[in-house]
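The opening residue of the sequence shown carries number 5 in our numbering; numbering runs sequentially from there. Beta carbons: idealized from backbone N, C-alpha and C, even for Gly. Remember, it's a predicted structure, so these values are computed and weren't measured experimentally.
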Amino acid sequence: INASSIRRIIPAAYNRNIAALDVIFEAAKHHGTKMIIYIPPLRPDAPAPYDPREYASFLVDVAALAERHGVQLHDFENLVPGPLWGLKDSTIIGGGAELDFMHFQGGGHALLADRVYDVILETINDI
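Encoded structure:
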């Protein structure tokens, strides 16, 4: 197992997480709280460490849930270019550096911060 290994969905955990997101949307609606939700950046310069069918299903599930609650979903999946991602220490002793799929560098954080800021301003202006 390494950073590029395919991560499969664990159905029970996935279902609990989707149900929890539904509860969060319901609570926000109940309290009149505006919500934003986004698909986080995904490293574009290597195959994603997710089963492609499961990941596609996740995107559909989240979009359907957001739509059902009237929350706009923002897709930032392709926001951070490959050179702004990095490497991580090896998962195995004596191994070389591995692609890091979870963390990007400062320039990537600046891109994400700017985009989230824009979305917050758009959301505030719609109130």
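Using a Cβ-Cβ cut-off of 8 Å (strictly less than) and excluding sequence neighbours within five positions of Ile43, which residues of its own chain qualify?
-> Shown here for Ile43: same chain residues with a beta carbon closer than 8 Å to its own, the five before and five after excluded, namely Leu63, Val66, Leu77, His78, Asp79, Phe80, Glu81 in chain order.
Let me know the beta strand (DSSP E) ranges lying completely inside the stretch 28 to 114, each 3 residues or longer, listed in chain order.
-> Runs found: 41 to 43, 77 to 79, 89 to 92, 102 to 108.
Distance CB(Leu115)-CB(Leu83) smaller than 8 Å = Contact check for Leu115 against Leu83 passes: the beta carbons are separated by less than 8 Å.
For my contact list, Phe105 and Pro53 are in at a C-beta cut-off of 8 Å; report their separation, rounded to the angstrom.
-> Yes, Phe105 and Pro53 are in contact; Cβ-Cβ is about 5 Å, under 8 Å.
Using only alpha-carbon positions, find the residue among Ala70, Tyr121, Asp55 that is nearest to Ile14.
-> For Ile14, the closest alpha carbon among the candidates Ala70, Tyr121, Asp55 is that of Asp55.
When the Cβ atoms of the stretch 12 to 32 are set against those of the stretch 116 to 126, are three or more pairs found closer than 8 Å?
-> Contact between the stretch 12 to 32 and the stretch 116 to 126 is absent, with fewer than three C-beta pairs closer than 8 Å.
Cβ neighbour criterion (16 or more within 10 Å) applied to Gly111 | Gly111 is exposed by the Cβ-count criterion.
Could you check if Arg11 is buried or exposed, using at least 16 other CB atoms within 10 Å of its CB as the buried criterion?
-> Within a 10 Å sphere around the beta-carbon of Arg11 sit fewer than 16 other beta-carbons, which makes this residue exposed.
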